[in-house]
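So the protein sequences, as listed, match chains A and B.
Using this note's numbering, you'd call the opening residue of the first sequence number 1 and step up by one each time.
Using this note's numbering, you'd call the opening residue of the second sequence number 1001 and step up by one each time.
Protein chains: 2
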Amino acid sequence: MSTPAAVEKRRVILDAAVRVFARQGFHTCRVSDIADEAGVAYGLVYHYFPSKETILDTLFLERWDVMLAAIADTEKTEVPPREKLRAIASFIVDSYRYDPDLMKVIIVEVTRAANTFGRTHVEKIMQAYEGIGRIVGQAQKVGTFRTEIDAMFAAQAFYGLIEQVLTQWIFSGLPIPAEEFEHVKSEIVDMICGGLDG
Amino acid sequence: MSTPAAVEKRRVILDAAVRVFARQGFHTCRVSDIADEAGVAYGLVYHYFPSKETILDTLFLERWDVMLAAIADTEKTEVPPREKLRAIASFIVDSYRYDPDLMKVIIVEVTRAANTFGRTHVEKIMQAYEGIGRIVGQAQKVGTFRTEIDAMFAAQAFYGLIEQVLTQWIFSGLPIPAEEFEHVKSEIVDMICGGLDG
DNA sequence: AATCCCACTGACTGACCAGTCAATCAGTAT
DNA sequence: ATACTGATTGACTGGTCAGTCAGTGGGATT
């Protein structure tokens, strides 16, 4: 059915869509913008995707599944809980580091878009919380983490903080220096595990 | 110029807009939906507001200014830092408690809408972070909070967590029991100040 | 060389909707 | 009464854009 060439064209359209969504926003851009960016005829977009929304859909699911896999892998490793959280923070921060446009689109247009599009993916998004929640819960059972704080609540705090940081970076529009990425990874874990009390 | 009756009509339209935006979302709803909800002719909306966007604008600014004032007031009080954070958490949680539709609109359509509308209000939004950041910074100077964590970073963690919790409530669409509101207030402060380490 | 199969093209359509505006109405002043 | 003023109405316009579709071209298959 789908020749290698066709698979590649599909990819070209997806990559173009990332750039266009990141630049103009999903609602603001036209399908013709995506076609132009991909250097492809308008109609071809509809040859590969049934709708504009499906393109965003595809981009989100592709990446989110990779993240869920990364969380699941981390869960299985035999390292201290703090290291597990660090691994996840590291994965998400690096996702932004190496493909800021894609992460921008996912966060701005899906994860944070509770109104329109995000609603469709609440369950997928929740699976990430649940994975993190299980790591926290496990650490509580072992006695590494306090049991006073609900594990799912802690997961929200952890993921929420990361998303907040990425959102700041996205807002700023500035390139982020390499050491900032590494510094933030540590600060996230320190904040969530250590708290503010001195 | 504006008679009391006119001021009231304006209010009727704003309140209707809150309900419509909360129900259908800003981008999805039509101006005629707002007019219908307000029981008012289509054109009258444009008599009171120059554009659809200005309505959302007005709703956000009205409420956000109240919140900035609440933060500023809290800053001035002479209570332990933890109590200050609790007061702010309490204010925001209660804002949702007593007007969930308005908070839903502000969070979903402005605060979290980094792409389109939010961009206009980044500075206003940042002022909230800065207020919280000053409280944390002050507590660090006094020695109540550790200095390892950047004050603005902590403010992001704090506000981000609250917004994350509200977003969960919004997503769920369920009514929240009274004790849940109170419980969450404590849990937010405990999480941010105490951290997870046991 | 005839046929088939898709990738591919881009002009076109149909629906939608923000914002306009000319007309009407109601209250108040003169 | 008359004139004036601002509130109110809703039909209409102009522009936008997602999605359609009839047709083209080129590589494989027979």
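Glycine is no exception: its CB is placed at the ideal position from the N, C-alpha and C atoms.
Could you tell me which of the options sits nearest to residue i, measuring between CA atoms?
| i | options | result |
| --- | --- | --- |
| P50/A | F60/A, V31/A and T120/A | V31/A |
| I1132/B | Q1024/B, A1157/B and E1148/B | A1157/B |
| D190/A | E109/A, L59/A, E179/A and E83/A | E83/A |
| S1165/B | G1194/B, D1015/B, E1182/B and E1123/B | The sequence given here has Val at residue 1165/B, not Ser. Checking every option, the nearest Cα to that of V1165/B belongs to E1182/B. |
| A1072/B | Q1127/B, M1152/B and Q1168/B | Q1127/B |
| R86/A | A70/A, G143/A and V105/A | A70/A |
| K1141/B | E187/A, L14/A, G39/A and L196/A | L196/A |
| M1152/B | E148/A, I125/A and I188/A | I188/A |
| I1192/B | L1161/B, T1147/B and P1175/B | L1161/B |
| G1173/B | T147/A, V122/A and A155/A | V122/A |
| I88/A | C29/A, A155/A and V12/A | A155/A |
Can you tell me which of the three DSSP states residue i falls into?
| i | result |
| --- | --- |
| G194/A | helix |
| F145/A | strand |
| D1057/B | helix |
| F26/A | coil |
| M1/A | Annotation note: pLDDT 48 at M1/A (below 50); position unreliable, no value reported. |
| F1091/B | helix |
| G1043/B | helix |
| R19/A | helix |
| E182/A | helix |
| R112/A | coil |
| I1034/B | helix |
| E78/A | coil |
| I176/A | coil |
| F171/A | helix |
| P50/A | coil |
| D99/A | coil |
| D65/A | helix |
| D1073/B | helix |
Where does residue i land, buried or exposed, given buried means 16+ other C-beta within 10 angstroms?
| i | result |
| --- | --- |
| S90/A | buried |
| T167/A | buried |
| P119/A | It is Arg, not Pro, that sits at residue 119/A in the sequence shown. Label assigned to R119/A: exposed. |
| K185/A | buried |
| G1143/B | exposed |
| T1111/B | buried |
| Y1048/B | buried |
| A38/A | buried |
| G1043/B | exposed |
| G137/A | buried |
| V66/A | exposed |
| V1045/B | buried |
| M1001/B | Note on M1001/B: pLDDT 46, under 50, position unreliable in the model; no value is reported. |
Less than 8 Å between the C-beta atoms of residue i and residue j, yes or no?
| i | j | result |
| --- | --- | --- |
| F171/A | E109/A | no |
| E1179/B | R1134/B | no |
| V1093/B | L1059/B | no |
| R19/A | D99/A | no |
| K1061/B | F1026/B | According to the sequence provided, residue 1061/B is Leu. The question's Lys does not apply to it. For L1061/B and F1026/B, no; Cβs fall outside 8 Å. |
| P81/A | A41/A | no |
| Y159/A | Y129/A | yes |
| I107/A | E53/A | no |
| G1194/B | F145/A | no |
| K1124/B | W1169/B | no |
| Q1024/B | D1036/B | no |
Name the chain B residues whose beta carbon is nearer than 8 Å to that of residue i?
| i | result |
| --- | --- |
| A154/A | M1191 and L1196 |
| V18/A | Residues of chain B passing the Cβ test: none, with the nearest at roughly 14 Å. |
| R10/A | In chain order: nothing, as chain B lies at least about 25 Å away. |
So with CB distances below 7 Å, who are the chain B contacts of residue i?
| i | result |
| --- | --- |
| G143/A | G1198 |
| I149/A | E1187, D1190, M1191 and L1196 |
Using the beta-carbon of each residue, which ones in chain A are nearer than 7 Å to residue i?
| i | result |
| --- | --- |
| V1165/B | Q156 |
| R1063/B | Under the 7 Å cutoff, chain A gives no residues; its nearest Cβ is about 17 Å from R1063/B. |
| R1086/B | Within 7 Å Cβ-Cβ: nothing; R1086/B doesn't reach chain A, min ~13 Å. |
Which residues in chain A sit within 8 Å of residue i, going by Cβ to Cβ distance?
| i | result |
| --- | --- |
| L1161/B | Q156, A157, G160 and L161 |
| Q1168/B | Q156 |
| V1136/B | L196 |
Along chain B, which residues have their Cβ under 9 Å away from the Cβ of residue i?
| i | result |
| --- | --- |
| R30/A | Ordered by position in chain B, no residue passes the 9 Å Cβ test against R30/A, which lies about 15 Å from the chain. |
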